[in-house]
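Contents: one structure, followed by commentary.
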Amino acid sequence: MTDLRLRPRDLPRPRDLPIVRPAGTMSDPGPRGKFGDHGGRYVPESLVAACQEVEDAFRDAWSDPGFRGSLATLLAVHAGRPTALTPAWRLSAELGITLLLKREDLAHTGSHKINNVLGQALLATRMGRTRLLAETGAGQHGVATATAAALLGLSATVFMGERDVERQALNVFRMRVLGAEVVPVGTGSRTLKDATSEAMRHWVTCVDDAYYCMGSVVGPHPYPWMVREFQRVIGEEARGQCATELRTGVPDYVVACVGGGSNAAGTFAGFADTAAQFVGVEAAGGAGATEGRTGVLHGFRSRFLQDDDGQITEAESIAAGLDYPGVGPEHAYLRDLGRARYVTVTDAEVVDAALRLARTEGILPALESAHAVAWVIRAAESGELPPGATVLLTLSGRGDKDTATLMELV
Amino acid sequence: MTDLRLRPRDLPRPRDLPIVRPAGTMSDPGPRGKFGDHGGRYVPESLVAACQEVEDAFRDAWSDPGFRGSLATLLAVHAGRPTALTPAWRLSAELGITLLLKREDLAHTGSHKINNVLGQALLATRMGRTRLLAETGAGQHGVATATAAALLGLSATVFMGERDVERQALNVFRMRVLGAEVVPVGTGSRTLKDATSEAMRHWVTCVDDAYYCMGSVVGPHPYPWMVREFQRVIGEEARGQCATELRTGVPDYVVACVGGGSNAAGTFAGFADTAAQFVGVEAAGGAGATEGRTGVLHGFRSRFLQDDDGQITEAESIAAGLDYPGVGPEHAYLRDLGRARYVTVTDAEVVDAALRLARTEGILPALESAHAVAWVIRAAESGELPPGATVLLTLSGRGDKDTATLMELV
Amino acid sequence: MGLLEIHLRQRREAGRALLMPYLTGAITGDWVDYLRAFVDAGADAIEIGLPFSDPTLDGATIQEASHVALSRGASVRAILAGLSGLELGVPLVASTYQNLVLHDGPEAFCGALRTAGVDGLIVADLPLEEADEVEQAAADAGVDLALLASPATPPPRLAAIARRSRGFVYAVSLMGTTGERAALSASATTLAGQLCESTDRPVLLGFGISTPDQAAQAIRTADGVVVGAAIMRRILDGASPADVGAYLAAMRQALDQEREPAS
Amino acid sequence: MGLLEIHLRQRREAGRALLMPYLTGAITGDWVDYLRAFVDAGADAIEIGLPFSDPTLDGATIQEASHVALSRGASVRAILAGLSGLELGVPLVASTYQNLVLHDGPEAFCGALRTAGVDGLIVADLPLEEADEVEQAAADAGVDLALLASPATPPPRLAAIARRSRGFVYAVSLMGTTGERAALSASATTLAGQLCESTDRPVLLGFGISTPDQAAQAIRTADGVVVGAAIMRRILDGASPADVGAYLAAMRQALDQEREPAS
Ligand SMILES: Cc1ncc(COP(=O)(O)O)c(C=O)c1O
Ligand SMILES: Cc1ncc(COP(=O)(O)O)c(C=O)c1O
């Protein structure tokens, strides 16, 4: 290691990065973590102190140029940031619009999840934690968590519903190869919702050595805010890239798929102070923002799919990463404000969109990301998007993981 | 498309890129395409004119800043270049060396193959061809070819051995989703060697509309040279990145795996004028450069695995991409010159190395790339690499495609 | 002071260790019979779980119980209807998660509790900071909102919880979920001790208390115990109201003996 | 001028259309009997394939034949040994791929041909630019190295090929691999015409010629034909030397008739 300028022991180290302190929408939700009526910290008393510790550590880290510099370094040298902005030439021509793709599929491990996870893992290290806990649905967040843990020498325990363990055997194996322990969860629907519940139950038992690494802009304060901040890099990079690629500088529309909503939140955040119209695209079967009603789950208040008795219902989407019955609290708020719209597309539209993008641009998107593509196609073809409109779309991940699913359908 | 500065119809377009005209080793092999005794154009007369056309077009394009600019644009906006240079912190510390990874696994489609394919596809377009032909083994080159074809609106036909079609069902499906036709080849060993033969047979029948897109630094002149030039971007980027990361500027060793040898050639090319020691790592079961003897196959003279009668024998490696009985002619030449060494590692060492990199750096490499890692580990642990040595290793691709193979073993 | 707290204070002042058994509402067709058995065995109050689909503070047993009850069609409405008009002689405390409180709104929810004769409320995922609205609604309806304290709660915050809690303070004995445990944790005694020092409100210790011995040990510092998973485990395994009654009676006896060892 | 070319020129000058049947060496145990049948049916020369593992210029039939022969243990050495001392009365032309020529080196290879009584050589993947070394070795051994010309070869290059070729010029009738075809391609006639105009060396047209009619049509411009896959297909399907002889005799007759329609 004698000849390496960049060393792990240099992490975190100061860098002269200016720290952006955003104001207005999509800024700091304050000590209560409130996005309008949403958000908050609805956790058992046993977890209140742990959440507070995470919040304190994050506030401290996020205002420390050293931490920001280390994270920027990891994102660049390990995760491959900045990711490209790809003009979807042929699809744009077919649709009569200008479609730009922010290529999170090119990030290490294949989706935007790594941005957040590297941030949280670095924070965990700073807090002296030696272990990461996480929930995962499709396995993308689990793989990212296992990756960050390996990189920083932490151990990782990932909770995953038994049904997902079966459906996503390859990702389970990837996590294990990366050294993570995968715990199958047999309760409830045996999918993401229950994996999250179980991870929170486990967290209570080990708050002193374990750090809970949440996979989306959900959970108790400070998670929705912190994860959005760690995903902000998507929007900020895209903002700069659009400024170069587009004559208008800012796109007319900013579109992303919404499961919990982290890739969308990170993207929107980069354009919060612009006139760009925000569109969050949900799965028809997991449309927390579009069809959910106010509720509390997993530590936060937001919109959730529920039955008439107030029991949470199961989400059902071809995209495992969108199989969550709720939506991040900030999305519920952006919807209340009218700052963002939330729309849904069907599984069939999603499969068509994925295949179309593959054939026009040579990019097979994750089925999650294909939701955003599907909406743009529908909206352009129906005239809802005016001809010539400029659209930035975050392609949150690559479709390799979905090949088996597609093979059964096509 | 009204608001997009970067348009497909702008391709190719001039850019003020200086055109590097390298001299000395790893430069232009001349009109005969000779690397010492190796290389050349050993094709049936029916293909001579086609090869000449490709050579003429490539010479013309490669000296045209417009072509180079277009390619650079495609590589940046579509394939995600430059790729990161990642210090392998934890493994370096364990081995007592400085190991830097050139991250071709982060390139679009998951390996370095896209660099070459975008170059050739752009050339095909320039030549007025409407169709790409390619051979593929593991399917990485096939997927890259299908991707480039989709992006540039070309059709693609990919020849693949029947055994590989079975073993690599997911990549076959990816190619088809991208719109390519996959032709299973049932002759001979029903793997890469035979797929290549069959693709060449097919090419003879359609030289006027089809462009043969070769997947490595093999084949008749100008392919070994051209593919090396298209892969040179790996070495040139790495050269610049090493200059920043390493106090010495240039690494002591430059290491890459060798199937046909394109990722190695592209990497070496960036360091041809330095004192860096080049090491090409072959599969013990596919060691054309290490154990092959002089021969001619698929249009070029080089080293090939052969039996006592001069019949080509089958390569056998856990890494499908290294399952080729020969090696690019320039590698045979670099070996003759003593400029590069070629070594082998066993399947068992490769699996260990892949798992070790996953656990220390959070990067699961392609089994092909894990060959290079395996050699570095062995050489560092045996003292063959002096303590403190600086090593640049090209990580040619990601391991996702190999998960099924690993699952059976681990 | 609400009826629940008045009742618990009176019993405590009478020298009695408090016993609050738990039942997941509508766990069986004859679930109300369990409540009667609880009273007969000497319960001082009864906690009724209003089952939620995603009980993040509950261990395997109460998760299973919630699941069974929901599969049988349990709902807040149906359970409260089942409680209405029961004259058990001890106060009832509803226990649930915030999503169900929010469903018709805290006011309607607390009003419904009142109507059903429920005097207290526990919301597992409603910490101090988020409690205002429910606190107000509960107070308006005359329902005591009992807050939870945990071993992770720092002392100043413990005081605030004790101050704002109504009915009693629920001391969570350990860092974990509900469920039987082999022994009472050290943290249980510490927490109960801290709480009893900072408030004269009844302090009930819960989570993991499974045996008469553990219960007896618990009330050396706390005012009483909550017994949940140990009961539900038996019921899920087929125990009748009489069986559970016998189990609780033994616990009652151990508690009484602990308070008055001589008699 | 080598023996092969002298022989072919003599026959052509005698007004005879040249017929060169092909056999994959060692395709069966009695493979030499096929050669005798070829001669009896009126072959003017015989092409002997030295099978290579990776015959990139061959279609399915000759690929299969090569594979069968190699599976039976065929090798250059064994095939040449089998040819040694055969007195067939027509010249033999070895046909193979460059890797086998290179294996012991062009000199040793050509020397071995000479020793076995082989007068000519065709190397499928050895175009003009790469031919020097083999050309020299062949010349030194007194073996005629016949070069191939194809429909894609531009005229100036055709001339160079015709000039440097020895024995004959092999005109590849179409852009494709060896194998039977339903009809003679237009490119065949064009190419043979161009070649015959630019050289007086015998021009043999090959690739795809399968029927007596096609052969007759071919020699309207070319000096003769090579018949390969059509023969090997029959042998792979079980045809005996006599069967193949009959097939070739019909072709011989068609050729003769085409040259002297009156007689
Ligand atoms: C590729 C991809 N996109 C999107 C999502 C949804 O997450 P979020 O809404 O937080 O961006 C996931 C979750 O697994 C994912 O894997
Ligand atoms: C990831 C990867 N690395 C290496 C190779 C070998 O090719 P080359 O030696 O041309 O770099 C392949 C071929 O498929 C590959 O997929």
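Chains as they are written, first to last, in UniProt numbering: chain A, 1 to 410; chain B, 1 to 410; chain C, 1 to 263; chain D, 1 to 263.
All C-beta atoms, glycine included, are put in the ideal place defined by N, C-alpha and C.
Collapsing the DSSP output to three states places C242/A in a helix. Proximity of the beta carbon of N263/A to ligand 2 is not indicated: no heavy atom of the ligand is located closer than 8 Å. Interface annotation for the segment 85-107 of chain A against chain B: L85, T86, P87, W89, R90, S92, A93, T98, R103 and L106, criterion Cβ-Cβ distance under 7 Å. According to the DSSP secondary-structure assignment, L204/C is paired through a beta bridge with Y170/C and G224/C. Positions of the alpha helix (DSSP H) runs, each at least 4 residues long and wholly inside the segment 161-226 of chain B, are given as 162-167, 169-177 and 192-204 in order along the chain. By the rule that beta-carbons nearer than 9 Å mark a contact, Q140/B does not touch chain D. Going by C-alpha positions, Q241/A is about 20 Å away from R90/A. In the structure shown, the three-state DSSP call for Y324/A is coil. Annotation for R335/A: the continuous alpha helix (DSSP H) segment containing it runs P329 to L337.
Of the candidates C257/B, R293/B, R190/B and E291/B, C257/B places its Cα closest to the Cα of V279/B. For the set G397/B, T147/B, T157/B and A289/B, the Cα lying nearest the Cα of G338/B is the one of A289/B. Taking a contact to require three or more Cβ pairs closer than 8 Å, the segment 36-49 of chain D and the segment 147-166 of chain D do not qualify as touching. Here the alpha carbon of T24/D sits roughly 7 Å from the alpha carbon of S66/D. Residue contact check for T274/B against chain A: no CB pair falls below 9 Å. Secondary structure remark: continuous beta strand (DSSP E) runs of at least 3 residues inside the segment 69-108 of chain D, in chain order: 92-96. Neighbourhood of R41/B in chain D, by CB distance below 8 Å: P127, E129 and E130, in chain order.
Within the segment 355-375 of chain A, the residues whose Cβ lies closer than 7 Å to any Cβ of chain B are, in chain order, L355, A358, R359, T360, E361, G362 and L364. Taking 9 Å as the CB threshold, R303/A stays off the interface with chain C. When secondary structure is reduced to three states using DSSP, L147/D falls in the strand class. At a cut-off of 9 Å, the C-beta of M232/D has no neighbouring C-beta in chain B. About 5 Å separates the CB atoms of L392/B and L100/B; that is less than 8 Å, so the two are in contact. In the three-state reduction of the DSSP assignment, Y34/C falls in the helix class, which pools H, G and I. Straight-line measurement puts the Cα of V351/A at about 8 Å from the Cα of L406/A. If you check each beta-carbon in the segment 203-214 of chain B against every beta-carbon of chain D, the ones closer than 9 Å belong to V204, T205, C206, V207 and D208. Using beta-carbon distances, Q136/C does not count as an interface residue toward chain A, since no partner is under 9 Å. At least one heavy atom of ligand 1 sits closer than 8 Å to the Cβ of K113/A. The Cβ atoms of H112/B and H78/B do not sit closer than 9 Å to each other. CA-CA distance, L100/C to L395/A, rounds to 36 Å. If you draw a straight line from the Cα of A131/C to the Cα of L106/B, it is about 48 Å long. Relative to Q52/B, the option among D307/B, G299/B, G388/B and A370/B whose CA is nearest is G299/B.
E229/B sits buried, since 16 or more C-beta atoms from the chains shown fall within 10 Å of its C-beta. Within the same chain, A370, V373, A374 and I377 come within 7 Å of A353/B by CB-CB distance, once the 5 residues on both sides are set aside. With at least 16 other beta carbons inside 10 angstroms of its own, V169/C counts as buried. Using a Cβ-Cβ distance cut-off of 8 Å, the segment 306-322 of chain B and the segment 355-365 of chain B are not in contact, since fewer than three pairs of beta carbons, one from each stretch, lie closer than that value. Taking a cut-off of 8 Å for Cβ pairs, the segment 199-207 of chain D and the segment 221-228 of chain D touch, as three or more such pairs fall below it. Boundaries of the beta strand (DSSP E) around I122/C: G120 to V123.
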